[in-house]
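The next block holds one structure in the form of structure tokens; read it before the comments.
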Amino acid sequence: MKSPKQVSVSALWKFAAAAILVVVGAGANASAQTAKIQTSSLDHLVSKASETFNLDLDESLMQLTAKVFKANDPDEARVKALVSGLKGIHVRVLEFEKEGEFLAADLEAIRTQLRAPGWNRIVNAKSKKEGSVDVYLMTSGSQVLGLAVLAADAKEIAVVNILGNIDLEKLSQLEGQFGIPDLSLEKPKRKN
Amino acid sequence: MTKRMILIGTLALGCFMISVSPAQAKDDNFDGVVKVIERFYRVKHKGIPFLARAGMKTAVTAARIAGGSKKRLAEAGSVKVAYFEDQDFESGPGAARFREAINTALGKTWNPFVQVTSPKSGEQVYIFLRHAGDKFHVMTITIDRRDASVVQVTLSPSTLAKLLQDPEDMGRAINDEATTDQ
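These protein sequence lines map, in sequence, to chains G and V. Going by the numbering used here, the first sequence runs without a break in its numbering and finishes at 175. Going by the numbering used here, the second sequence runs without a break in its numbering and finishes at 165.
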């Protein structure tokens, strides 16, 4: 027979467990909705790298970005159209002097995030000489929530994470701008 | 006796207010960042005559970056430069902790935009952005093994557009030109 105190503790545990489930569920859902990739698993490689590059254009900076490009200048109007609908650009690049400074396992934490529901790999290019480039798109129904690129060769890791309405064509046009490395992605052919 | 207690209390409160000045430093972020560098690396920045000279160069530089002498886009009087010359930036707790300290000093009023580190060469570059009415403040912090600089400029939207499109090179250019004695 349980004492009143034991019953109370048991009820508290059940409440706590339910609360944890709600919080974890809400967190997972929020993470899925934002399409933001965490790259902190690469932090331990920073001291080995010959150069690291981080660029963060969060939502507030993206709003600024949309304002600074003029609609009446053809070049700026093109960029303005490209960045409209984007909610963030995050780029992380690590370059190493020598081969073998990182292992495939070092990228596993990022790949695990990209195997979560909602993400689909749309490009998978691998070559012994140039390494691999994987492009993932996160969708919810017909809505595109974000894109992630994970590129790696023997001496370099690049993670590009673009939040918002983005596709391969936009990505290929953004290459070389906003800190996005040249990924040499083929531009998708337009359907007539 | 009571007056003496009040005096001591006031002095103690004054000391307390001084001791919590990091919060105040956040209001003047440029000076706050300079102090962070001084404390972190135990160095001292250069005095006013050099700053005036460097500031003039920065205005010219920003105009050059923006596409020529006709487009002077660094707003007049907007340039702040602090320079640390021939001092030791190799010792200290490391770039990762410095990055944390700088991010904390700039708080929520500045957006971290680009952060570049070259652990082997000891180089660090940080670019922060802030909205300033219809213009933008850009702060670049560059640290090498022996030199460092902090440059803050006010840019028009069109110059910022160029910075956003080519952030690393533009950030380095703003900083290099502002602090190179030609």
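Don't be surprised by glycine CBs; every beta carbon is placed ideally from N, CA and C.
Self-check item: Contained alpha helix (DSSP H) runs [length at least 4] in the segment 106 to 136 of chain G, N- to C-terminal order
Solution: none
Self-check item: Closer than 7 Å at the beta carbon, the chain G residues around V/S101
Solution: As a first step, residue 101 of chain V is located in the second sequence; it is residue number 118 there, counting from the start. Going along chain G in sequence order, the residues near V/S101 (Cβ under 7 Å) are S33, E34.
Quiz item: For V/P5, does the count of other Cβ atoms within 10 angstroms reach 16, so buried, or fall short, so exposed?
Solution: Within the second sequence, numbered from 1, the residue matching residue 5 of chain V stands at position 22. Low confidence applies here, because V/P5 scores a pLDDT of 36, under 50, leaving its location unreliable; read the following figure in that light. So V/P5 ends up on the exposed side.
Quiz item: Which of the three DSSP states, helix, strand or coil, is assigned to G/K19?
Solution: Within the first sequence, numbered from 1, the residue matching residue 19 of chain G stands at position 36. Coil at G/K19, not helix or strand.
Practice problem: With a 10 Å radius around its C-beta and 16 neighbouring C-beta atoms as the bar for buried, classify G/A99 as buried or exposed. | Solution: The residue you call residue 99 of chain G lines up with position 116 of the first sequence. Burial call: exposed.
Self-check item: Whether G/Q156 touches V/Q148 by CB criterion (7 Å)
Solution: Against the first sequence, residue 156 of chain G aligns to sequence position 173. Against the second sequence, residue 148 of chain V aligns to sequence position 165. Cβ distance not < 7 Å, so G/Q156 and V/Q148 don't count as in contact.
Quiz prompt | G/D56 versus G/A64 - alpha carbon distance | solution = Translated into the one-based positions of the first sequence, residue 56 of chain G becomes position 73. Translated into the one-based positions of the first sequence, residue 64 of chain G becomes position 81. Roughly 12 Å between the two C-alpha positions.
Quiz prompt | Short CB-CB distance (under 7 Å) between V/L147 and chain G | solution = As a position in the second sequence, residue 147 of chain V is number 164, starting the count at 1. Chain G contact via Cβ: present.
Quiz item: Going along the chain, which residues of its own chain have a beta-carbon closer than 7 Å to the beta-carbon of G/E113, five neighbours each way excluded?
Solution: Position 130 of the first sequence, counting from 1, holds the residue named residue 113 of chain G. These residues qualify, in order along the chain: D136.
Quiz prompt | Nearest-angstrom Cβ-Cβ length linking G/L69 and G/N148, presumed shorter than 8 Å | solution = The residue given as residue 69 of chain G occupies position 86 in the first sequence. The residue given as residue 148 of chain G occupies position 165 in the first sequence. That belief holds up - the Cβ atoms of G/L69 and G/N148 are roughly 7 Å apart, short of 8 Å.
Quiz item: Relative to chain B, which residues along the segment 38 to 72 of chain G have a C-beta separation below 8 Å, given in chain order?
Solution: No chain B appears in this structure, whose protein chains are G and V.
Practice problem: Kindly say whether V/P76, judged by its beta-carbon, lies nearer than 7 Å to any beta-carbon of chain G. | Solution: Residue mapping note: residue 76 of chain V aligns to position 93 of the second sequence, counting from 1. With 7 Å as the cut-off, V/P76 does not count as an interface residue toward chain G.
Practice problem: Reducing DSSP to helix, strand and coil, say where G/V51 ends up. | Solution: What you label residue 51 of chain G is simply residue 68 of the first sequence in a count that begins at 1. Note: G/V51 maps to helix in three-state DSSP.
Quiz item: Can you check whether the CB of V/A65 is closer than 7 Å to the CB of V/D28?
Solution: For the purposes of this step, residue 28 of chain V is taken as the residue at position 45 of the second sequence. For the purposes of this step, residue 65 of chain V is taken as the residue at position 82 of the second sequence. Checking the displayed sequence, the identity of residue 28 of chain V turns out to be His instead of Asp. Cβ distance < 7 Å, so V/H28 and V/A65 count as in contact.
Practice problem: Determine the direct distance from the alpha carbon of V/V133 to that of G/S110, and round the result to whole angstroms. | Solution: What you label residue 110 of chain G is simply residue 127 of the first sequence in a count that begins at 1. What you label residue 133 of chain V is simply residue 150 of the second sequence in a count that begins at 1. Roughly 43 Å between the two C-alpha positions.
Quiz item: Any C-beta of chain G sitting closer than 7 Å to the C-beta of V/A144?
Solution: The count along the second sequence starts at 1 and reaches residue 144 of chain V at position 161. Yes, contact with chain G.
Exercise. Tell me whether G/G162 is buried or exposed, calling it buried when 16 or more other Cβ atoms sit within 10 Å of its Cβ.
Key: On the first sequence, residue 162 of chain G is found 179 positions in, with the first residue counted as 1. Result: buried.
Quiz item: How far does the beta strand (DSSP E) with G/V29 in it reach, from first residue to last?
Solution: Your numbering for residue 29 of chain G matches position 46 in the first sequence. G/V29 -> no beta strand (DSSP E), and no H or E assigned at all.
Quiz item: Taking a cut of 9 Å between CB atoms, which residues from the segment 141 to 167 of chain G lie near chain V?
Solution: G159, Q160, F161, G162
Quiz item: With 16 other CB atoms within 10 Å as the buried threshold, where does G/G129 fall?
Solution: Taking the first residue of the first sequence as 1, we reach residue 129 of chain G at position 146. Burial call: buried.
Quiz item: Can you name the start and end residues of the alpha helix (DSSP H) that V/T100 belongs to?
Solution: Within the second sequence, residue 100 of chain V is the residue found at index 117, counting from 1. No alpha helix (DSSP H) holds V/T100; the beta strand (DSSP E) holding it covers 94 to 101.
Quiz item: According to DSSP, is G/S24 helix, strand or coil?
Solution: Taking the first residue of the first sequence as 1, we reach residue 24 of chain G at position 41. It is helical.
Quiz prompt | Listed by chain order, chain G residues near V/A84 by CB distance under 9 Å | solution = Mapped onto the second sequence, residue 84 of chain V falls at position 101. Result: empty, since nearest Cβ-Cβ is about 16 Å, beyond 9 Å.
Practice problem: Starting from the beta carbon of V/L112, find every residue of chain G whose beta carbon is closer than 8 Å, and list them in chain order. | Solution: Taking the second sequence and counting its residues from 1, the one referred to as residue 112 of chain V is at position 129. Neighbours of V/L112 on chain G, chain order: L44, L47.
Self-check item: Per DSSP, cross-strand counterpart(s) of V/F111
Solution: Within the second sequence, the letter at position 128 stands for residue 111 of chain V. BP columns for V/F111 point to V/P95, V/M122.
Quiz prompt | Cβ neighbour criterion (16 or more within 10 Å) applied to V/A78 | solution = If you number the second sequence from 1, residue 78 of chain V lands on position 95. Buried, by the Cβ-count rule.
Practice problem: Rank G/D165, G/I145, G/L166 by C-alpha distance to the C-alpha of G/V66 and give the top, closest one. | Solution: Counting from 1 along the first sequence, the entry for residue 66 of chain G is found at position 83. Comparing Cα-Cα distances from G/V66 to each of G/D165, G/I145, G/L166, the minimum goes to G/I145.
Exercise. Apply the 10 Å Cβ neighbour rule to V/H120 and answer buried if 16 or more other Cβ atoms are within range, or exposed otherwise.
Key: The residue given as residue 120 of chain V occupies position 137 in the second sequence. Buried: at least 16 other Cβ atoms inside 10 Å.
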